[in-house]
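So the structure is just underneath, and the comments pick up after that.
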Amino acid sequence: MHRRGRLTTTVGLVVVLGAVAVASTATAGDAGAATPVPSVAGSAAIANVARAQAQCDLGVTAARPDDAARAGQIMAGRVPIEKYGTVLIPRNPTWRPQAGLDSSGDGHMNSLHYLVPLLREGVRTGNRAMVDRFYGLLRDWGTDNRLTLKKRPNGYGWQPIYTGYRMQVIGCALAGPRGREPWLRRLAAVHANYVTTYTSTLASNNTGIQLAMGQYVLGCSMGHASWRNAARGRLSRLVTHLVYADGSTREGAVSYATSDYAWFRLAGQRLRRCGTSVPSGWSRVDAIARFVGNAIRPDGSYEALGDTSPQRPSVSTYTGTAAEWSARLGAGGTRPVSPFAIFRSGGYAFGRSGWGTATRPFTQQSFYSLRFGAGPGAGIFHAHADAGALTFYANGSELLHDTGQWRYQYGATRTFVTGRDAHNVVSASGGGYSTTRAAAVTAVLSDAHRDLVTIVDTGYRKNKITLTRTVLYSRSGEYLVVWDRAVSALKDAKGHVVPRQFAQHWQLGPGQSTLTSAGQVSTSGPGANTTLVWLGTRPRVTVSTGSTSPRRGWVSPSYGKLTPAPAVRASLGPATVAGWVTVVLPRPAGTAPSAVAASAQSLTSSRLEVTVRTASGRSERVVLTRSAASVSEVSGAVAR
């Protein structure tokens, strides 16, 4: 009923739009002047305009509270483009990218979605200059970026996401006072026909969703069934390609799973508004919410895995879904049942002490994540080289950090952010790490007392190096035991196995200082702290904070920012076999390192037996193999 009422309202708006007296803006040349354009008249044309307006009310072209202010800025030649900064639009733009925050943002000047406030405000207030500027810039873009056989298209301008956004803008233009002008309809046809055969690999990731939506908007707005069908077909392929049956996604980053969720839901709205059913497989979209809910930390932020910044989700987006409980910090929605979840398809495991109770709320729980998926080498564009990466949150603070997203500025810093050294993993000298395959999960156990996950990573297969990581999380004691083993099997010309330098990496938090003593590192600073204890062979430990040569010791707390933070490097070798047994012990604020301890009773290549004392005074005995674990209390009681 709401949608029907809104459509009636927008038809009324279209009538007003059509009544605005505006002068034609002359710009030399039209994109694709030879492209056939479907023509309609009478009641069919009116219906198409109404549908175009209904599509314009969604997504990047939807009305915003600051439309008036943004329209004023655009008229002054300054255009804010979301988080990417501000670009300058001269009277006659060249449409070449301008140097801004990063390469992705620079290209967005070709999206034109930022121009829609000119149309909305121009029509609303009768401001002819704004309407002139909107249509003039749109026509100018089409002239400067026309597709011909003799001219290579603007690489930025015809990228999938920019093209998808721009087609949605053209849809708004079709609903406006000049929506029937031939140059605009030719521009729409050029776009819609071009993307029908768009086979770029980029169009197979989330950018393809916007590309399909843009083509669908034009098909709906112009009554062109073949464009609508082509767009629906692309969406059908994308939803089964990008979204796995378990709800994780082919993105390698939590934030892009949230984008997939929002964009597929938006695409579904667009289809339904124009009388088209969603494709088969659309139920996978709802499953993403369960994945997202598990990836939200007790502080309510997404865990910063892959190209993800640790930001808070929109509660309204997840109301009524499996992620609502996490998004509302346990204050609403349905409490999940299991404190452990593994998403094998996407390559994630998440565990926590609990989902919150009356005596211990959601925000006071502990949480960890383990990543084991493939990366960019497998066409998973927003993943990092992070198989085996571990994060940990306890006592109200993130203790083991993932470096996060930073920004799309390619070079040495971006290479570091996405590379092995920026994650809580084991790396090997000699390079050659491949992200084409996921690490193999060889064991998974979970119950009320503990979680155990073992993975085997062959990313260094070129150098015949195998990394095995077993992670034990004690749900009763809320600490981690991390058992790493690196084996080199590559032989030289004489048949000798080549020894390697191996390093275990731990990224700690900003504002913390570290104290290194025999076999352990402890942090101090505001909030909770942590102590890392190495049992058995003691590695050579170094700590770097904000280093640029080599790059080490940085985290990205928000998009575009890098903040210095201590990074621990625990090195072994040169050796053909190296092993670390690391106990990660959280400490509440104000608790001294002496309050926690760990010791080994037996350490072999196949079995560990260790004792752990937590800051609460609880002591536990852990017996661990690669596929099994027991955790038993030695003395004391759990502080819950």
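Mature numbering (1 follows the signal peptide of the UniProt record, and there is no 0) puts the sequence shown at residues -28 to -1, 1 to 612.
Don't be surprised by glycine CBs; every beta carbon is placed ideally from N, CA and C.
All of these numbers come straight from a predicted model, not from anything done at the bench.
Taking a C-beta distance under 7 Å as the contact criterion, Ile268 and Ala229 do not qualify as a contact pair. In this structure, Thr289 lies away from Gln140, with their beta-carbon atoms at least 7 Å apart.
The Cβ neighbour count for Leu60, taken over all protein chains shown within 10 Å, is under 16; the residue is labelled exposed.
A direct Cα-to-Cα measurement between Pro37 and Pro89 gives close to 10 Å. By the Cβ test, the segment 211 to 229 is in contact with the segment 343 to 363, since at least three Cβ pairs between them sit closer than 8 Å. In this structure, Tyr445 sits near Gly323, with a CB-CB distance shorter than 7 Å. With respect to the C-alpha of Gln476, the residue from Val454, Ser489, Leu487 having the closest C-alpha is Val454.
With the rule of 3 Cβ pairs closer than 8 Å, the segment 138 to 156 counts as touching the segment 108 to 115. Cα atoms of Gln182 and His80: separation of roughly 13 Å, rounded to the nearest angstrom. Here Asp419 is exposed. Its C-beta has fewer than 16 other C-beta atoms within 10 Å.
Gly44 carries a helical assignment under DSSP once its states are collapsed to helix, strand and coil. Spatial neighbours of Ser530 in its own chain (CB-CB distance under 6 Å, excluding positions within 5 residues in sequence) are listed in chain order as Ser281. Under DSSP, Trp455 takes part in a beta bridge, and its partners are Thr442, Val553. Sequence-distant Cβ neighbours of Tyr233 in its own chain, meaning closer than 8 Å and more than five residues away, are Val257, Ile260, Ala261, Val264, Thr289. In this structure the segment 324 to 335 touches the segment 292 to 312; the number of beta carbon pairs closer than 8 Å is three or more. The three-state reading of DSSP puts Pro154 in helix, counting H, G and I together. About 5 Å separates the beta carbon of Ala359 from that of Phe344, a gap short enough to meet the 8 Å contact definition. When the alpha-carbon of Leu190 is set against those of Leu214, Val389, Ala202, the nearest one is in Ala202. Listed in chain order, the non-local C-beta contacts of Ser543 below 6 Å within the same chain comprise Ala475, Pro511, Arg512, local neighbours out to five positions each way being set aside. No Cβ-Cβ contact shorter than 7 Å links Met194 with Arg242. Per DSSP, the beta bridge partners of Arg541 are His477, Thr514. For Thr583, the enclosing beta strand (DSSP E) covers residues 580 to 585.
Cα atoms of Asp271 and Glu592: separation of roughly 27 Å, rounded to the nearest angstrom. Residues of the same chain with a CB within less than 8 Å of the CB of Ala35, apart from the 5 flanking positions on each side, are Asp29, Arg92 in chain order. A contact is defined here as three or more CB-CB pairs under 8 Å, and the segment 499 to 511 meets this definition with respect to the segment 366 to 383. Apart from sequence neighbours up to five positions away, the residues of its chain that approach Arg579 with a beta-carbon distance below 8 Å are Val595, Leu596, Thr597, ordered along the chain. As the crow flies, the alpha-carbon of Ser220 is around 39 Å from that of Ala567.
Excluding the 5 residues flanking it on each side, Arg150 has same chain C-beta neighbours closer than 6 Å at Tyr107, in chain order. Just so you know, the alpha carbons of Thr248 and Asn20 end up roughly 15 Å apart. Taking the Cα positions, Ala537 is about 7 Å away from Gln479. Around the beta carbon of Ala295, a 10 Å sphere encloses 16 or more other beta carbons of the protein chains shown; the residue is thus reported as buried.
Inclusion of Thr414 and Thr430 in the CB contact set at 7 Å is not warranted, their separation being larger than that value.
Judged by DSSP in its simplified three-state form, Leu504 adopts strand.
Sequence-distant Cβ neighbours of Val287 in its own chain, meaning closer than 7 Å and more than five residues away, are Ala299, Arg300. Restricted to the segment 336 to 387, the beta strand (DSSP E) segments that are unbroken, complete and at least 3 residues in length are 339 to 343, 362 to 366, 369 to 372, listed in chain order. Measuring C-alpha to C-alpha distances from Arg441 to each of Asn435, Leu452, Lys434 identifies Leu452 as the nearest.
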